[in-house]
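What follows is a set of notes on a single structure, which appears directly below.
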Amino acid sequence: MEAAKRGIATKAMLRVAEKENITLESLMELMSKGQVIIPCNKRHSAIDPTGIGSKLKTKINVNLGTSRDETDLEKELKKVDRSIAMGADAIMDLSTHGDTQYFRQALIKRSTAMIGTVPIYDAVLHYKRALKDITAEEWIGIFRKHAEDGVDFMTIHSGLNKEIVRKFKENKRLTNIVSRGGSITFAWMEMTGEENPYYEHFDKILEICREFDVTLSLGDACRPGSLADATDGVQIAELVVLGELTARAWEKDVQVMVEGPGHVPLNQIAANIEIQKTICHNAPFYVVRNPSQSSPPSSTFS
């Protein structure tokens with residue numbers, strides 16, 4: 027983002043301009059405004075840079091990773107190869123079991139597509155302690171570890187601060203918090219009584235992002251988990267915080283995309299897009315599932 031603001035064309039920009047059939051000047055202008063991002067960690071040498079955002083093609087992300095039910099690392103790596111062969115633009119590693127760092131490093135070494143993670147998924151495994159015993163400094167530490175490994179974008183639920191938690195408790199929801207990362211963050215805050223480390227220490231996160239050229243994916247912990255909760259006050263209140271954090275990130279030349287809701291009625295989808303674009307200053311916006319689907323018992327990742 028800093029290079030775009032200064033009018034300096036990078037190799038990544040040249041590649042994206044070529045792939046998108048857009049002029050370099052137009053691309054740099056969009057990047058300088060935060061409307062286009064190119065997630066590309068300095069340590070991900072295998073990457074074929076891809077742009078996300080305004081006036082560019084829609085991108086496809088593939089979620090995969092290890093779990094208690096699927097522990098075969100090689101099987102997951104084969105999924106990566108197949109996904110890229112089929113045209114995936116991004117791979118999100120949502121591993122929660124086994125040697126997650128080995129898998130993450132192998133994935134980054136192997137993948138030409140951008141790689142994303144949710145660092146807090148990895149915290150309990152990495153530190154080998156109960157969630158409540160992980161310190162705020164260690165939340166920052168696991169974020170740095172993923173950056174050092176070469177992750178291109180990371181989802182953190184920085185908008186879930188104590189004020190949003192208060193509003194969540196005061197406003198009854200059918201499906202409460204369905205985001206896995208948001209639920210982990212909420213649970214830690216409730217168990218410790220402390221502020222969300224990714225909100226309280228947001229400036230430290232930005233320093234790490236600048237050091238490794240990591241793109242922030244601002245997760246919406248309070249997105250609706252069913253049509254009944256769509257576009258409620260809690261969702262919008264958190265979105266306002268995400269808009270403020272987006273502006274703070276841009277001040278430090280850190281690229282940002284903002285996560286959007288699923289489980290939205292058809293007649294509210296356009297309004298949700300307009301609200302997000304306005305509140306988050308036209309930062310790239312992405313949704314994690316079919317927006318109009320409503321399946322309350324199902325899980326929603328990131």
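The sequence shown begins at 27 in this note's numbering and counts up by one. Ideal placement from N, C-alpha and C gives every residue a C-beta, glycine not left out. Values in this document were obtained by computation on a predicted structure and should not be read as measured data.
Using DSSP bridges, identify the partner residues of residue i.
i	result
ILE78	ILE63
LEU90	ASP119
With distances taken Cα to Cα, identify the nearest neighbour of residue i among the options.
i	options	result
ILE34	GLU46, ILE48, THR272 and LEU53	LEU53
ARG32	VAL42, LEU56, GLU46 and ARG41	LEU56
ARG108	GLN131, THR122 and THR138	THR138
THR374	PHE169, GLN261 and THR143	Missing from the structure shown is residue 374; the chain here goes from 27 to 328 and no further.
ILE166	LEU232, ILE117, ARG136 and GLY208	LEU232
GLU189	ALA213, ASN222 and ALA173	ASN222
ILE301	ASP279, GLU264 and LEU99	GLU264
GLU237	ARG69, ILE78 and TYR225	ARG69
SER184	ASP229, ILE48, GLU164 and ALA254	ASP229
ILE160	VAL313, ASP279, MET217 and GLN281	MET217
THR126	SER93, MET112 and LEU157	SER93
Taking 8 Å as the limit between beta carbons, can you name the residues of its chain near residue i, skipping five residues before and five after?
i	result
GLY259	LYS193 and ASN197
ILE58	Per the sequence presented here, residue 58 reads as Ser, with Ile not at that position. If we look at SER58 and ignore the five residues flanking it on each side, its Cβ neighbours are MET27, ALA30 and LYS31.
LYS83	GLU46
Taking the beta carbon of residue i as the centre, do at least 16 other beta carbons fall within 10 Å, making it buried, or is it exposed?
i	result
ILE63	buried
ALA213	exposed
TYR225	buried
For a test of the three-state rule: what should DSSP assign to residue i, helix, strand or coil?
i	result
VAL204	coil
THR36	coil
ILE141	strand
SER324	Residue confidence is low: SER324 scores 42 on pLDDT, short of 50, so the model does not pin down where it sits. Its coordinate-derived value is still stated next. If DSSP states are grouped into helix, strand and coil, SER324 belongs with coil.
ILE160	coil
ILE48	coil
ILE329	Not covered by the structure: residue 329. The range shown for the chain is 27 to 328.
THR272	helix
LEU244	strand
GLY288	coil
Comparing the CB of residue i with every heavy atom of the ligand SAM, is any distance shorter than 7 Å?
i	result
GLY219	Absent from the structure shown: the ligand SAM. Ligands present: none.
Apart from the five residues on each side of it in sequence, which residues of its chain come closer than 6 Å, Cβ to Cβ, to residue i?
i	result
PRO287	ARG249 and PRO250
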